[in-house]
Amino acid sequence: MAAVHGEEAGPELPGGLLVHGLVSGVTVVLAVEGVHWGTFRSGWVNGLAGVGVWYLVSLPVQVLVPLWHVLRGDRVPLLKLGVGPRLGAVLRRWTTIAFCAYPLSVQAEIWLPESGDLTSRPRRVLLEYVLLPIPVGLAGLVVLPGQWWPELITATLGYGIAELAYVDPAFGRARLWRLVHPAPRPEAAQFWQVRAALGMEAAARGNLVSVRAVLAEAERDGCPPELTTLVRAGLLAAEAEHLRLVDLLEDQPAAPLDEEIRAYLRLLLALGLLRAVEAGQLAPGEGLARAEQEFATVTKPWEGPWVAEYQGLYHGLRGDAARALGYARQAVTHQWSQPLKRADALCTLATALAAAGDGRGAVRALRRARRLAPRYPRIAACQSRVKPAH
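Everything in the sequence shown is counted per our numbering, starting at 217 for the first residue and increasing by one.
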């Protein structure tokens, strides 16, 4: 009779563990993706909402069904989905797995870029959902001892497999081979380009702590000065320190690392001048003339929504409402993935609407921007500018 009572029935079956992991993975992917495209976009709110939705969606499978078996006295639940014979074990195991397997990925969303050739999406998924949670889960053995470590590992692996299948259904053996056999460590120049890009991504998301960490690392470990300037400029832009940004970028040499970075720095300088005018830190005549001069040096790599944002703000500050609204709406409709970039586009739209005499529309745009980035200083500057029109 002892053989039918919980852990005494023998070790977990590999098939049951695999089902357990895959069920967890599919459930979490659906929950996280639903939250990501829903109301909550980033940060701790996304983390809490993601875990909450996870529990709501997976509660019947992960808790209620095993609990029903426990109440019936059936000590061997169907498929052995990682559930022990006691309610305490059930809650302990699933709570630990939940809080090990998801929240770290929220920070990984900030550490790693969404797209581009800096790192592949499958490798990013592998790091977020498989490699990051396992050490934390294993460290939890000290706090919550028990024979649940195979469940944690298979749950996180199942999560990673399901996420890979979700974002790239065509992945196969060759793709998996590349994941577990990554390319050699890049050269120093390429490494610092990646680090600078991560710093700029964190700045655009409003995560200033991560930007300062990247900047400190760059200054300490010999990052090329042009890339250090790039990260510092992103930090100053996120802090709305427009005049300091202008002073920093005007002192740069004429030939940075490559043409794309030079164009980006010129564009940041032009935008910084316009935002200084917007905030009342620079006289309109001087600021607009200098911004126009700098923008003339921006080359083709930075066409598109960035240019639309510049043009919308430039014409809005000049009072050309028709052109400003056209460019500003183009910038707003672009699918920015970073909260601060979306807030910037909405601030530009507010300036354009104020120039057109639509104070109410400008206030609504700023309210949307404040929901995205509550602590972004540029929003307050725009608010004081559009109040007279409202």
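Just so you know, even glycine gets a beta-carbon here, dropped at the ideal spot from N, CA and C.
What three-state label does DSSP hand residue i in the structure shown?
{"i": "R482", "result": "helix"}
{"i": "H458", "result": "helix"}
{"i": "A499", "result": "coil"}
{"i": "V292", "result": "The predicted model places V292 with a pLDDT of 38, which falls under 50 and marks its position as unreliable; any figure quoted below should be read in that light. Looking at V292 - three-state DSSP - the assignment turns out to be coil, as it is neither helix nor strand."}
{"i": "Q554", "result": "coil"}
{"i": "C598", "result": "helix"}
{"i": "P366", "result": "The pLDDT assigned to P366 is 46, lower than 50, so where the model puts this residue is not dependable, and the model offers no usable value."}
{"i": "Y592", "result": "coil"}
{"i": "P440", "result": "coil"}
{"i": "A572", "result": "coil"}
{"i": "R607", "result": "Look at the range of the chain in this structure, 217 to 606, and you will see that residue 607 is not part of it."}
{"i": "G577", "result": "helix"}
{"i": "R257", "result": "With a pLDDT of 42 at R257, under the threshold of 50, the modelled position of this residue cannot be trusted; read the value that follows with caution. In the structure shown, R257 sits in coil (DSSP, three-state: anything other than H, G, I, E or B)."}
{"i": "V493", "result": "helix"}
{"i": "T513", "result": "coil"}
{"i": "G528", "result": "helix"}
{"i": "D463", "result": "helix"}
{"i": "G415", "result": "helix"}
{"i": "V277", "result": "Per-residue confidence for V277 stands at a pLDDT of 49, beneath the threshold of 50, marking its modelled position as unreliable; the derived number appears in the next sentence. If DSSP states are grouped into helix, strand and coil, V277 belongs with the helices."}
{"i": "G535", "result": "coil"}
Compute the distance between the beta-carbons of residue i and residue j, then report whether it is under 7 Å.
{"i": "A568", "j": "L533", "result": "no"}
{"i": "Q497", "j": "H458", "result": "yes"}
{"i": "L562", "j": "A589", "result": "no"}
{"i": "A596", "j": "A571", "result": "no"}
{"i": "A495", "j": "G503", "result": "no"}
{"i": "A547", "j": "A566", "result": "no"}
{"i": "V410", "j": "V430", "result": "no"}
{"i": "G422", "j": "L529", "result": "no"}
{"i": "A456", "j": "R594", "result": "yes"}
{"i": "R506", "j": "L490", "result": "no"}
Could you give the C-beta distance for residue i and residue j, rounded to a whole number, given that I count them as a contact under 8 Å?
{"i": "Y543", "j": "Q527", "result": "4 Å"}
{"i": "L672", "j": "A524", "result": "Because residue 672 is not part of the residues shown, which for the chain are 217 to 606, the question remains open."}
{"i": "T513", "j": "R558", "result": "About 27 Å separates the two Cβ atoms, so there is no contact after all."}
{"i": "A434", "j": "V427", "result": "Their Cβ separation, rounded to whole angstroms, is 10 Å, which puts A434 and V427 out of contact at 8 Å."}
{"i": "A412", "j": "L443", "result": "4 Å"}
{"i": "H531", "j": "R539", "result": "4 Å"}
{"i": "T445", "j": "L464", "result": "7 Å"}
{"i": "L424", "j": "L451", "result": "7 Å"}
Considering only heavy atoms of the ligand NAD, does any lie closer than 6 Å to the CB of residue i?
{"i": "H550", "result": "Looking at this structure, you won't find the ligand NAD or any other ligand, since it has none at all."}
Given 8 Å as the limit, is there contact between the region 576-588 and the region 439-446, that is, 3 or more CB pairs closer than that? no
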